[in-house]
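Note that my numbering has the sequence shown beginning at 7, numbered continuously upward.
Even glycine gets a Cβ: it sits at the ideal position worked out from N, Cα and C.
Reading through the C-alpha cells given below for one structure.
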Amino acid sequence: MKIGLLNGNTAVSRTVSILVKQFLPRIETTVFGFDDLLALWRARPDMVASVLSYPFEKKSELTREIIDLLEIPVVILFPMEKGALDPMISLLESGAVDAIPYKMENGENGTADAVEKLARRIESVAAHRGRVFPPPRRTGSVKLPESGGGYRIIVITLSAGGVRSFTNLLSSVPGGFPLPVVVLSQLEKYILSPLVRRVSRGYPARVIQSEKALVPGEILVIPKDKSIIFTDDKGKVRLVPSKGTSFSKSLISVEEVFPGEILLLVLSGELLDGEDVISRILRGGSDVLCEDPEYAVFPEAPKKLLSKGLCSIVAPEGRIALAIKKLMEKR
7 MKIGLLNGNT AVSRTVSILV KQFLPRIETT VFGFDDLLAL WRARPDMVAS
57 VLSYPFEKKS ELTREIIDLL EIPVVILFPM EKGALDPMIS LLESGAVDAI
107 PYKMENGENG TADAVEKLAR RIESVAAHRG RVFPPPRRTG SVKLPESGGG
157 YRIIVITLSA GGVRSFTNLL SSVPGGFPLP VVVLSQLEKY ILSPLVRRVS
207 RGYPARVIQS EKALVPGEIL VIPKDKSIIF TDDKGKVRLV PSKGTSFSKS
257 LISVEEVFPG EILLLVLSGE LLDGEDVISR ILRGGSDVLC EDPEYAVFPE
307 APKKLLSKGL CSIVAPEGRI ALAIKKLMEK R
C-alpha cells in the first residue's frame with residue numbers, strides 16, 4: 007500500500023508518517039512539503055490514497071483543483087483549530103474527500119489516537135482504489151446557438167486556477183459547442199493529462215500531437231511550450247515549439263486566419279502575454295470574454311486586460327457560459 011503525505015511543515019509529515027507505520031507496517035509513505043504540492047502527480051500512478059494537510063489562502067483554491075483531478079481517494083489531515091477546514095468545506099460536502107483532525111504536542115508529535123484513526127481511515131479509503139470521479143456533467147442550462155453567432159472559433163487560455171472555471175464551463179453547456187474549441191494551456195503535463203482524460207469522458211477532447219483539422223464541437227488542447235500555426239485557411243493546424251509559456255504565437259496565427267471571427271476566453275491565471283495581439287483581435291471585430299477578476303482564483307491575467315480596456319464582456323465563473331450565449335446572440 008502506498009500513500010502520499012503532504013503538510014505545510016515537512017517535518018510534521020515525516021513524524022506522522024513514522025507514527026502511521028506503527029499501525030500499518032506494510033504501508034509505504036512519500037512525504038511532500040506544501041510547496042511541493044504538484045509533486046503528488048509524479049507519484050500518483052502508484053498511490054492508493056493521498057493525505058493532505060488543510061490548505062490556506064490562495065493556494066487552497068489550487069489544491070481544490072488538484073484534489074478534483076486526482077481520481078484517487080483523498081484524506082485531508084488538518085489541525086484541530088477553529089475554522090481550519092473552512093477552505094475545503096465544499097469538497098467535504100461533495101464527498102470527494104474525508105477529513106481527519108490531528109493535534110500537535112510540543113509542535114512535534116501527533117497524538118496517538120488521531121494518528122491511529124488516520125491509519126484506519128487510510129486503510130478504509132485504500133479499499134476503494136479504482137473509484138473514479140464522474141465526468142463533467144452535461145446537464146447544464148445553457149444552450150448555445152447552432153450558428154455560433156458568426157464566430158468561427160473559440161480560443162481559451164488555461165493556466166493557474168483556470169481548471170475549475172474550464173470544467174464548470176463545460177458542465178454548463180449541455181449540447182457542447184457549435185464551433186471548434188482551441189485551448190491554449192500553460193499547465194504542466196501531469197495536470198493537463200488527467201484533466202483532458204476526465205473531460206474526454208463527456209466531450210470530444212484531445213491533446214493535439216500532430217497536424218489536425220479543426221472540427222466543430224471538438225476541443226483541441228495545445229500543451230505547454232507549444233504553439234499552433236495554421237497550414238491553410240480552412241482550419242488545419244500543426245504544433246510548433248514555443249519558448250516558455252507564451253500565448254502570442256498561437257494568437258497571432260488564429261487572428262491571421264479568422265480575423266473578426268474569434269471568441270477568446272481569458273480565464274483565471276497569473277501570467278498572460280500577447281496583449282498587443284489581443285488588442286488587434288478586438289479591433290478586428292472579434293470578442294474577448296474575461297473571467298471576472300474579483301472572483302477568479304488567480305485574477306492577474308483577466309485583471310490586466312480589464313484595466314487596459316481589452317475585454318468585450320466580463321463574467322464570473324458560474325456565468326461564463328451564459329455570457330458566451332449572449333455574445334453569440336448579439337452578433
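Residues bridged to residue i [DSSP beta-bridge criterion]
i	result
Leu257	Bridge partners of Leu257: none, in fact.
Pro247	Lys232
Asp360	Look at the range of the chain in this structure, 7 to 337, and you will see that residue 360 is not part of it.
Leu164	Ser191
Ala321	Glu297
Ile159	Ile268
Close Cβ partners of residue i (< 7 Å) along its chain, the five nearest in sequence each way excluded
i	result
Gly291	Gly266
Ala327	Gly146, Val148, Leu175, Ser178, Val179
Pro141	Its pLDDT being 39, under 50, Pro141 is placed unreliably in this model, and the coordinates cannot settle the point.
Asp239	Val263
Val221	Pro186
Cys296	Val272, Pro308, Leu311, Leu312, Cys317, Val320
Same chain, Cβ closer than 6 Å to residue i, neighbours up to 5 away in sequence not counted
i	result
Leu190	Thr163, Ile228, Phe253, Ser256
Val202	Ala211, Val213, Val227
Glu217	Arg244
Ile258	Val283
Ile235	Val246, Ser259
Lys242	Ala219
Arg337	Gly155, Gly156
Lys331	Val148, Leu150
Residue-chain proximity (residue i, chain B), Cβ-Cβ < 8 Å
i	result
Leu316	In the structure shown, chain B does not exist; there is a single protein chain.
Proximity to residue i [Cα-Cα], best of the options
i	options	result
Gly167	Val303, Lys336, Ala329	Val303
Val161	Lys309, Arg337, Ile284, Ser153	Ile284
Arg317	Val294, Pro151, Ile234	Here the sequence assigns Cys to residue 317, which means Arg is not the residue at that position. For the residues Val294, Pro151, Ile234, the minimum Cα distance to Cys317 belongs to Val294.
Val223	Ile235, Pro151, Leu273, Ser313	It should be noted that the sequence gives Gly, not Val, for residue 223. Of the listed residues, the one whose Cα sits closest to Gly223 is Pro151.
Glu276	Ser153, Leu311, Arg337	Leu311
Phe183	Ile159, Ala219, Pro299, Lys309	Ile159
Lys309	Leu273, Arg286, Lys195	Leu273
Arg286	Ile330, Lys336, Gly241, Leu270	Leu270
Gly154	Glu300, Gly181, Lys314, Arg325	Gly181
Val188	Met334, Gly324, Ala219	Ala219
Leu278	Pro305, Tyr301, Glu300, Ile268	Pro305
Val169	Glu323, Lys332, Ala329, Glu335	Glu323
Asp298	Ser165, Lys332, Arg325	Arg325
Ile268	Ser165, Gln215, Leu333	Leu333
Residues near residue i in its chain [Cβ-Cβ closer than 8 Å; skip 5 each side]
i	result
Leu288	Val294, Leu316, Ser318
Leu198	Ser191, Val213, Val227, Pro229, Lys230
Glu261	Ile268, Val283, Arg286, Ile287, Gly290, Ser292
Which whole runs of the alpha helix (DSSP H) in the region 166-243 are 4 residues long or more, in chain order? Within the region 166-243, the complete alpha helix (DSSP H) runs of at least 4 residues are 168-177, 195-205.
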